[in-house]
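This report refers to the structure that appears directly beneath it.
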Amino acid sequence: MKLFDWLRRPPPPPEILLPQWQAVLDLPLFAGLNRDDAWRLCVLGERFLSRKQWVGTEGLLVTDAMRRLLALTASLPILNLNEDSFDDWRGVILYPAPFVVRDARPEMLSVTQWGGVGVVHEEDQIQLGQARGDGPILLSWPDAERASQQLDGFNVILHEIAHKLDMLNGVADGFPPLHRGMQRLRWTEVWQANYRLMRWQARMGQLPHWLDAYACSSPAECFAVLSETFFELPFAVATDYPALYQQLVLFYRQDPRARLMGPHRAESTA
Ligand SMILES: [Zn+2]
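Going by the working numbering, the residue at position 220 of the sequence shown is 214; the numbering climbs one at a time, nothing skipped.
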């Protein structure tokens, strides 16, 4: 154990900590958490609050309530993962509206005996959020706040956090670092099969109504979009893509569907 850990103060007990976070815990995303899980989530939230640099752009004032909402939502996916999962980046940059980012998109024109010849297109894109490989996450605050008010499968905070977890072993590619006991081959098979299925469903106009077609744009977006819906609409994901839901349960080490059913109903349907 590092000296810093020895010196770290123990977290406040539940009776102190939970009331401080109650306004956020009351949101539907956190329904079904037992007292111990809620307390552990708040401990992670405190850690996120204190270790991140919070920046409001274009005059946006970042309040304590905003920080708490973002910190607790961002911490939900790592409730049963390493608490230091986000320690490799620091910035949370908030915008007062959807924002424009300039992306460089390389295009290969031809391949010669000396190598490839290509150009780089620069495009302006309007985005609600972005997880940057070189550091911070960027969020449109109104869209982040709206995402937290309802369980509709759209949650830009969870989406960008999923990208950050995906980036723990390099670029976001839909293949995050798996845990001991998880099978790389099984992960690949399940995601490839479901990604192909979703793209076919999109072409045929048969994509489930709850699923954002953006999931079909790349394996990285498929993982991020399905992570959003895993937490917001677990019954829908488990019903329409059961093998994929199971892989997400193994990856996040939690089962939002069982949580929402409650212990008694979960037992009766086991
Ligand atoms: Zn994305």
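Glycine is no exception: its CB is placed at the ideal position from the N, C-alpha and C atoms.
Among the options, nearest to residue i - alpha-carbon criterion
i              : options                         : result
proline 8      : Ser142, Ala207 and Arg34        : Arg34
glutamate 215  : Arg178, Pro170 and Asp234       : Pro170
leucine 152    : Glu116, Ala68 and Phe24         : Ala68
alanine 252    : Tyr246, Pro228 and Phe245       : Pro228
alanine 156    : Arg140, Ala218 and Asp58        : Ala218
valine 95      : Gly85, Pro71 and Ala125         : Ala125
aspartate 31   : Leu75, Ser134 and Leu242        : Leu75
methionine 249 : Arg62, Leu73 and Asp78          : Before going on, a small fix: residue 249 reads as aspartate here, not methionine. Checking every option, the nearest Cα to that of aspartate 249 belongs to Leu73.
proline 13     : Arg62, Arg41, Thr233 and Glu116 : Arg62
Pairwise C-alpha distance: residue j and residue i
i              : j              : result
proline 5      : glutamine 121  : 36 Å
alanine 196    : arginine 3     : 51 Å
arginine 29    : methionine 176 : 28 Å
tyrosine 239   : aspartate 167  : 18 Å
serine 262     : glutamine 47   : Unreliable positioning characterises serine 262 in this predicted model, as indicated by a pLDDT of 40, which lies under 50. A coordinate reading is not provided.
aspartate 137  : leucine 21     : 16 Å
serine 44      : aspartate 118  : 33 Å
valine 37      : threonine 223  : 24 Å
leucine 132    : threonine 51   : 10 Å
valine 86      : glycine 123    : 11 Å
glycine 199    : glutamate 183  : 24 Å
aspartate 206  : tryptophan 181 : 21 Å
proline 213    : tyrosine 189   : 7 Å
methionine 255 : leucine 172    : 27 Å
arginine 247   : alanine 141    : 23 Å
Per DSSP, cross-strand counterpart(s) of residue i
i              : result
isoleucine 151 : Looking at the DSSP assignment, isoleucine 151 forms no beta bridge with any residue, so it has no partner.
alanine 196    : None; alanine 196 has no bridge partner.
tyrosine 89    : Ser134
glycine 123    : Leu133
arginine 96    : Asp118
Open item on the list: Beta-carbon distances below 6 Å to any heavy atom of ligand 1 define the shell here; list its residues in chain order, please.
Closed with: His153, His157, Glu215 and Ala218
TODO: Please go through the region 46 to 75 and give each complete alpha helix (DSSP H) segment of 4 or more residues, from N-terminal end onward.
DONE: 58 to 69
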